[in-house]
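Q: Please see the structure below; I have some questions.
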Amino acid sequence: MVASPTMRYLTLLLTGVAIALVHCTMRERQPNSVVPFAQLAVVLCLAIILHRVQRACQLDGRTNAQQAASHLKIVKGILFTLLIAATMLADIVNHICYDTRSPAEILLLCTLRDMMVVLAASQSNDRAGRFAVLASLYVSLFAFLMRVSSASIALMCAYLIAGMWWLLESHWADVRSRCTRTGETSLPVVPAIFAIGTCMAGAILIFPITNSIQTTTDISGFFPSSGGTSWHDPRAQGGVGDGDQLVRAESDADSFGPVESELFLESEMPSLYDVINEFSEGVREEKPKQQQRRAIPLNANASRENHENRALSEQPGREFSLVRRSRRKRTALKDKRSTALLQILGRVPLHLGLHAYNHYDGHRLSWTGKETRNSLELETPGQGSANWVRLSGASPPWITSHADLHQLRILNLRTERIPSPPNLFRVAVDHMHTSNLFRFADDGVLSMDLECIPQLSVINVMSHRLSRSSMPDLAHTTTDNTPLAISTRISQLARQWTQDVDAGWSQVDSLCEHLRSEYVLDQDATTEDEGGTDLLEEFLFVRKRGPDYLFASTAAVMLRSLGYEARVRSGFYARSENYDADAGITSVYPNDLHFWVELLAVGSDEEFENNEHARHGPVWITVEPTPGYDVLYAPETLWARIGRCLTDASRFVMRRWRSTLALLFVATTVWILRIPLWDRCLTLVWNYDFRSECQRDRVLATVRLLERRAALYKVSRPHHATLLQWLQSHKNLLPDEQQWPSDFPIVASWVLYGETTSAPFNERHIATLCRMAARSAFRTAARASQGKAASEFVLEAT
Amino acid sequence: MGFGTNLEAERISTFDSIEAMRRTLNSVIRGKESAVELVLACLLSGGHLLLEDLPGLGKTTLAKTLSYMIGGKFSRLQCTPDLMPNDITGFYIFNQKTREFEFNEGPIFSDVLLADEINRTTPRTQSALFEAMSERQVTIDRTCHILPETFFVIATQNPVDYHGVYPLPEAQLDRFAMKLSLGYPSRTTELDILARDIGRERRVEAAEHVITPTGLSVLQERVSQIVVGEKVRGYLVDLAAATRGYRDVTLGLSPRGLLTWQRVVQARAFLMGRDFATPDDVQDVALPVLSVRLVGEFSSAETVVQRLLNDIPTPVIT
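Note that the protein sequences, when read in sequence, are chains P and E.
What the first sequence shows, in my numbering, is residues 1 to 798, in sequence order.
What the second sequence shows, in my numbering, is residues 1001 to 1318, in sequence order.
Now the structure itself:
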C-alpha cells in the first residue's frame, strides 16, 4: 500500500517535532554550543541528498531497475555510515571546543534521530515511513523524559496531536482499502478533530489526577541512561554515577548539605547548632562578648558519634545527604564545592538587601542615624513545622499583598546580616525556639547575633510582595531625615522628566523609565574621584553610562529632589537566569552584588495616621532604576494579566500608530490580493522546477502547477475525474479556445502514464505547450466558473 | 500521434485497417459510433462479445457484418431449446465405406461464430462453448481439436423475453469480454435509415472483407504490446478490489476478468492511436466489461459501475 500525501506530510511533521525535541534537550545541556546546530544541518543535508539520489534512481529504474537498486543500496550504505560518523564527529568537536563529552544516551539519541531522518527521507517505501514514525515516537519520548521544560511540553503536545492525526489517517487508509462501500474517501475532518480534541481533553483531565512526576520517572526507567561519562559527573541524570547515592539519608548520612534534616553530623565547621551534654564545655566566661557564639541547642541523641570524614555537598539539586543503605564498602565521597554565595528556593528575581544608605555627600553613600525598627517576637509554635519569628508591625493593614516564602541556604557568604527580601516580616530557622538569635543592625537590616552566619545554614524568610495594580501612597520627605546632597542641575532634570505626569508613582515610573532607557549599564566603568566633580552630574550629563550604584544613587537623589523619601539599598540580586529548573534553586554569585532604590510608603489618607506609622514601622518599597533588572511583584491573577496585556498592547499600538496603520494596510492588501499573490508564488515555483533538464519533470511540474492553481481558484479536480476530463471541462469554460493548448492533455497523459513510450511531440513543442498551459490555465476559467462546483464541470465534459 | 517506435508504412496500414473496419461497421449500424468503438475494442482484445438488446435493434446485423468483415470461416448458430452440445462441437460418425469413425466438425470450427439468441438453448448446450471460448480448443472423445487464433464468438440475447429462456451461467458470462446494448437510434438516424431503405433490395448484401484473420491476429498482437503503466495498473487493481468489497455485489471481478479488462483497455488505447493506456480508457470500457461479470442484488450494473468509478480516485500525481 502506498502512503497518501497527507500521511507523508504528517510523517515529516512528526519527524520535525521529534528533531525539535531532541534539539531542545541538547540546547539545555549545552546552551552555548553551536555543535548541535551544525550536526543537525549536516544530517538534514545528507537526508536531502539521500532523497535526491533515491528519486534519481527511481527515474533510472525505468530503464535498468536492477542496476539502480544496487546503486541505491551502495549510496544508502555510504550515507548511513556518514550519519553515524556525524554523531561521533560532533562528540569529538564538543570535546575539543567545549571540553564536554556527551553521555552515551545522548549519543544514542542522536544516532536514533539520524536514523529517523534517513527513514523519513526514504518515504517512497511505505514501510520506511512507518518505521520513521515509530522511531520518532521513541526519540520524542526519550528526549522529552530526559529534560521536561515548558518548550518540550508544548512540542510534546504538538507531537501527540500530529501523531493522533497520523494514526487516524493510517486507520482510515486501511479501512478504505478493505471496504469502499461508502462514497466518502478522504478522512472526515470534523469527527477527526472531535476525536483528537476528546483525547487531549481526557489527557488534560487525567493529568492532575495521576501522579505525573511519578509516571514520568517510571517511564524514563525504560530508556537507557548511563548517568554520565565518569563516576562523579555533574551532568549525571541519575542511576549510575552518584545516582544510587542520591537518596534521602534516613539513618546513615555520609555528607553535609544545606538542608533541613533530622540528622546531624559531627563536624569541625561552625554551625548554628550545638549539642549540649555532659561533655560540653559550656560558655566560657573569659571570652569577650563579641567572640561568644550563639547556637541552637540540640538533643544529644540528634547527632551520632562518628569521627569519620564527611563529604560536603554544595551542588544545587543534590540536596540530600549522600548515603548508602547497603552494608557494602563505601566509596570515599569527595566534597562538591560551589562558588555560589547562597542559594535561594522560591520565586525570583529577588532583591536581597544587606545594607541601606540614607546619606550621600557627593562622593560616597553612607548610613547615618538609627532605624527605629520594630521588635522581634516568637510566634506560638504549632502553626507550622518551623518556629517563626515575626518582625512585629512589619505588615501594616493598609498593605494589600501576597506573602512569599523563600528559603536561603548560606554557602560562602561571610556576614552576620541576613540577606532580606523587601518587606520581610517573618523568619525561621529549623529547631529554633527563641528569638534572641536575631537582632537588627543600625540601618534596620535583620542580622544574626553571631560573628557570621555559619556555612550551610538554612533560613526561611517570609515577605510581602506588593501587587503592581494597587501600590500604596508614597511618603514625602520629612525634616528629621538627613537629606541627600542635591545639586540644582540634577533637581532641574528631575523636574523636567516628571513635569507632564501626576505626582506619585507616575513620577517615579517616568523617572526610572528615563534612566532605564536613556542610560547604559556598564558594570566595568570606573569613576575617578576628582575633587569638586559631582559623580552623579558626570554620570547624568557627560558619560551617560556607569555601574548600578550610580543609577541607584542618581535615582535616589532625584526622587528626593522631587520630595519623596528615598534611600539606596545594596545587597544581592537573584537572577532568573541562574535558576536551575531541576533543583528549583537559584544560586547567587559574588557578581550578583547590586544597588537599588527604596521609597517609603504610607497608607491612604483615611487609614493613615501618625501613630499607625509609628506602630507598624516604615514600609520601604523597592524601585529599580537600573536597566536589565526587575522587581518581583505579587503573582498576577489571570484577569489582571489579560488586562495588563491588553493595556500594553494598546499602548504599543498608540505609540507606533503610524507603523500599525501601515501594517494594517499591508495586511488588508495582502488579504485582498491573496489569490493572485499565491498564484504568482506558485508560478515562481513552477519557473524554478521548469529549469529541470528532464522533459518529463518539466511536464510534471506544469501538471502540478495546474492542480495547485485549480485548488486555489476552487476548481480542484474531483478525485474520480481523470486528468483529460478535468482539463476538457476547463477548456469548455474558456471564452476563447485559442488560449488553451489543446495538445497539452496528450503530453500530460504521456508523462503520467506513458512510462517508456516515446514522446508524442518534439521537445520544443512540448515546452511551448507547457508554457502556454502555465500562462493561461485556470486564471480566466476561475472567473467564468464562479459558483459552479468542480464536479459539475466534469459532468459537462463527459 | 504516439507511434514513434513503429515504422511509418506499418503505421499507415494499421491506421487504414482500423479505419476500414470502423467505416464498415458504421455504415451498417448507423448513429452508434461509441458502440462500434467498443465492438472493435472487443475484437482487437481477442475477447468474445455478448450483445444484449431488445429485438430489432440490429444485433444480428452487427454480428453478421462483423463476421463478414473479418473474412475467414463464418458459422452461424441459431440457438433453440433442442440444440445439443454435439450440434455445436461436432461428432464422430462411422463411415461405412472406410469402416472408420470420421470426425464431423460442428459450427464451432470457424473464425467467427455467431450464436444467435444464446439464452434460448439449454445450459447443457451453452456449456459446450466453455472450453472453446476460454482456451480456443475443443475436446471430443479424448481428442483435442485446436481452433483458429482469431476464434471470435458473438452471442446475442434478448433481455425482455423470459419465456423458454435459460439465463447464461456466471462461469460462461465471465468468458465474454464485454456485454453491449445498442439501444434505440436517434430520430435523425432513424430518418436516415428509412431514407436509405427506399428502393433497396430485400436481401442484405454481404459486407466486404476489410481484414483477414491473419491481419486481425497481427493487430491483436500489437494491442497486447500497448503499455499499461504502474499507475493505471494500480487503478485497475483498486477498482477490482472495490467490486469485491461492495455488499450488494455477490460476485466481484475475478483475476481472469481483470486480465480481460486490461486487454480491452489496451485495445481501446490502440484504437485512440496511443501506445499507452490511460485511466480514461479504463473508465470508458468499465461498464461493458463489468456489466457482464458483476453478479449481485443490484438493480442495474450501470449504477454499481458509476458508484465504483466515483469511489476510487484516479491516479494523477502521487
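For glycine and all other residues, C-beta sits at the position ideal for the given N, C-alpha and C.
It should be emphasised that the depicted structure is a prediction, and the values quoted were computed from it without experimental measurement.
Would you report the Cα separation of V799 of chain P and S420 of chain P, rounded to the nearest angstrom?
A: Past the edges of chain P, shown from 1 to 798, lies residue 799 of chain P, and the structure says nothing about it.
Q: Any C-beta of chain P sitting closer than 8 Å to the C-beta of P1288 of chain E?
A: Not an interface residue.
Q: Can you give me the Cβ contacts of Y1092 of chain E inside the same chain, cut-off strictly under 8 Å, excluding the 5 residues immediately before and after it?
A: Cβ neighbours of Y1092 of chain E beyond the five flanking positions: F1101, E1102, F1103, N1104, I1140, D1141.
Q: Hey, quick one: how far does the beta strand (DSSP E) through M471 of chain P stretch, first residue to last?
A: Counting along the chain, M471 of chain P falls outside any beta strand (DSSP E), and DSSP gives it neither H nor E.
Q: With H, G and I counted as helix, E and B as strand and the rest as coil, what does DSSP make of D404 of chain P?
A: It is a strand residue.
Q: Does the beta carbon of N1310 of chain E sit closer than 8 Å to a beta carbon anywhere in chain P?
A: Closer than 8 Å to some Cβ of chain P, the Cβ of N1310 of chain E qualifies, so yes.
Q: Indicate the three-state DSSP secondary structure (helix, strand or coil) for E377 of chain P in the structure shown.
A: It is a strand residue.
Q: Can you name the residues that DSSP bridges to H594 of chain P?
A: BP columns for H594 of chain P point to P:G571.
Q: Counting contacts by CB-CB distance shorter than 8 Å, is I19 of chain P in contact with chain E?
A: With 8 Å as the cut-off, I19 of chain P does not count as an interface residue toward chain E.
Q: Please list the residues of the stretch 1223 to 1252 of chain E that have a C-beta atom closer than 7 Å to any C-beta atom in chain P, keeping them in chain order.
A: So the list reads V1227, G1229, K1231, V1232, A1242, G1245, Y1246, R1247, given in the order they occur along the chain.
Q: Since L1050 of chain E and V1028 of chain E should fall inside the 8 Å C-beta cutoff, what is the C-beta to C-beta distance between them, to a whole number of angstroms?
A: Not really, about 19 Å apart at Cβ, beyond 8 Å.
Q: Is the stretch 558 to 565 of chain P in contact with the stretch 491 to 499 of chain P, if contact means three or more CB pairs nearer than 8 Å?
A: Verdict: yes, contact present.
Q: In chain E, which residues lie with their C-beta within 7 Å of the C-beta of S749 of chain P?
A: T1278, listed in chain order.
Q: Are any of the Cβ atoms in chain E nearer than 8 Å to that of Y159 of chain P?
A: Not one chain E Cβ lies under 8 Å of Y159 of chain P.
Q: Given a cut-off of 8 Å on the beta-carbon distance, is the pair D522 of chain P and R495 of chain P in contact?
A: No, the Cβ-Cβ distance between D522 of chain P and R495 of chain P is not below 8 Å.
Q: Are P1315 of chain E and K1231 of chain E closer than 8 Å when you measure CB to CB?
A: In contact: P1315 of chain E and K1231 of chain E (Cβ atoms closer than 8 Å).
Q: Three-state secondary structure (DSSP) at S420 of chain P?
A: Reduced to three states, the DSSP call for S420 of chain P is strand.
Q: Return no unless some Cβ of chain P is closer than 8 Å to the Cβ of V1316 of chain E.
A: Yes, contact with chain P.
Q: Please confirm if P1313 of chain E has its CB atom under 8 Å from at least one CB of chain P.
A: At least one chain P Cβ lies under 8 Å of P1313 of chain E.
Q: Determine whether the Cβ of L700 of chain P lies closer than 8 Å to any Cβ atom of chain E.
A: It does: the Cβ of L700 of chain P has a partner Cβ on chain E nearer than 8 Å.
Q: Tell me where the beta strand (DSSP E) around A356 of chain P begins and ends.
A: From DSSP, the beta strand (DSSP E) with A356 of chain P extends over 350 to 357.
Q: Per DSSP, which one or two residues make a beta bridge with A475 of chain P?
A: Looking at the DSSP assignment, A475 of chain P forms no beta bridge with any residue, so it has no partner.
Q: Work out the CA separation of V1165 of chain E and R1247 of chain E for me, nearest whole Å.
A: In a straight line, the C-alpha of R1247 of chain E is about 29 Å away from that of V1165 of chain E.
Q: Specify, as a first and last residue, the run of the beta strand (DSSP E) that G1090 of chain E falls within.
A: Taken as a continuous stretch (DSSP letters only), the beta strand (DSSP E) holding G1090 of chain E covers 1090 to 1095.
Q: Are V1305 of chain E and M1178 of chain E touching if we call contact CB-CB under 8 Å?
A: No, the pair does not count as a contact, with Cβ atoms beyond the cut-off.
Q: Going along the chain, which residues of the stretch 1250 to 1276 of chain E sit with their C-beta nearer than 7 Å to a C-beta in chain P?
A: Listed by position, the residues of the stretch 1250 to 1276 of chain E near chain P (Cβ gap below 7 Å) are D1275, F1276.
Q: Taking CB distances under 8 Å as the criterion, tell me whether R704 of chain P reaches chain E.
A: It does: the Cβ of R704 of chain P has a partner Cβ on chain E nearer than 8 Å.
Q: Can you tell me the Cα-Cα spacing of R8 of chain P and Q123 of chain P, whole angstroms?
A: Distance between the alpha carbons of R8 of chain P and Q123 of chain P: 7 Å.
Q: Using DSSP bridges, identify the partner residues of N1329 of chain E.
A: Since the first residue of chain E shown is 1001 and the last is 1318, residue 1329 of chain E is not available in this structure.
Q: Does the distance from the CB of R468 of chain P to the CB of Y633 of chain P come in under 8 Å?
A: Cβ atoms of R468 of chain P and Y633 of chain P: closer than 8 Å.
Q: Who are the near neighbours of L682 of chain P in its chain, counting only those whose CB is closer than 8 Å to its CB and skipping five residues on each side?
A: Hits under 8 Å: L705, R708, R709, L712.
Q: Alpha carbon to alpha carbon, how far is L82 of chain P from P760 of chain P?
A: Near 44 Å, if we compare the C-alpha coordinates of P760 of chain P and L82 of chain P.
Q: Would you check if the distance between the CB atom of T1080 of chain E and the CB atom of L1025 of chain E is smaller than 8 Å?
A: No, Cβ-Cβ distance for T1080 of chain E and L1025 of chain E is not below 8 Å.
Q: Mind checking which residues open and close the beta strand (DSSP E) that includes N460 of chain P?
A: Its beta strand (DSSP E) spans residues 458 to 466.
Q: Tell me the rounded alpha-carbon separation between L272 of chain P and Q455 of chain P.
A: Computed Cα separation, rounded: 9 Å.
Q: With 8 Å set as the bound, which would you pick, yes or no: does the beta-carbon of G643 of chain P sit closer than that to a beta-carbon of chain E?
A: Chain E contact via Cβ: absent.
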